[in-house]
Amino acid sequence: MKTTITLVVSTFICLQTFAQSEFKNTIGLSGGFTLFGTGDIKGYNFTPKYERQLTKRIAFQAQLSFANAQRYKSVNDLDLVLNPYTISFLQSSSKKLNTGLLVGIYKLKSHFLGINASAAIALSSQFRYGGYMVNPDKNPPVGLEYIPNPPYFGSYLSLGFGAGLEYRYSIDQHFKLGLEAAYQEYNVDTEARINFGVYYSL
């Protein structure tokens, strides 16, 4: 009888260990705050993510990121003498596909800390409206020293890179809560973000 119980318990433990080691794939959904450029254009992002565990510490990562941000400047902010190119409305957006690696640097019980690095394909756009520029005439009429700057829109497809720090807390074997701080750079813009996420391993 004791032998049977021992075999049953051992089999159960082995199955549990095997089941845990089989969680090779993780899907996640995160979102949070995004800062474009020097940080003066603030907005939000939405980021689905997929991971495939390669080794005990290293996982392949692929993620889509959709970000949009804008900034208004009131008339009181305009100082034409000091800055004739002041913009009153700025908008930046991006759609990116990042692929790279997540490397675990600390793991203890329910806590995980890792760093990620990735290459990106980014489709970004910028819209600028409401600025003024110096009148190119040497002697412009009074009141026309500054003239409206035409609206500008640009769309770019480019390559870039990203890096970040990720923390995750395991609720159980499958579900995790996460926090990520990341930086990305491509063609004409940069992004910094802080995301909160939910992850499921299967």
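Our numbering applies: residue 16 is where the sequence shown begins, and numbers increase by one.
Built from N, CA and C at the ideal position, the CB exists for glycine as well.
Check	Outcome
What residue range does the beta strand (DSSP E) around residue 38 cover?	Careful: residue 38 lies outside any beta strand (DSSP E) and carries neither H nor E.
Might you give, ordered along the chain, the residues of its own chain that have their beta carbon closer than 7 Å to the beta carbon of residue 200, omitting 5 neighbours on each side?	175 and 176
Could you tell me which of 108, 128 and 123 sits nearest to residue 117, measuring between CA atoms?	128
Curious, which full-length beta strand (DSSP E) runs of at least 3 residues does the segment 129–216 contain?	147–149, 161–163, 167–185, 190–201 and 204–216
Per DSSP, what are the beta-bridge partners of residue 220 in this structure?	Nothing about residue 220 can be read from this structure; the chain reaches only from 16 to 217.
Tell me which residue opens and which closes the beta strand (DSSP E) that residue 117 is part of.	104–123
Going by other Cβ atoms of all chains shown within 10 Å of its Cβ, with 16 needed for buried, is residue 72 buried or exposed?	exposed
Going straight from the alpha carbon of residue 77 to that of residue 40, what length do you get?	12 Å
Leaving aside the five residues before and after residue 64 along the sequence, list all residues of the same chain whose C-beta is less than 6 Å from its C-beta, in chain order.	43 and 78
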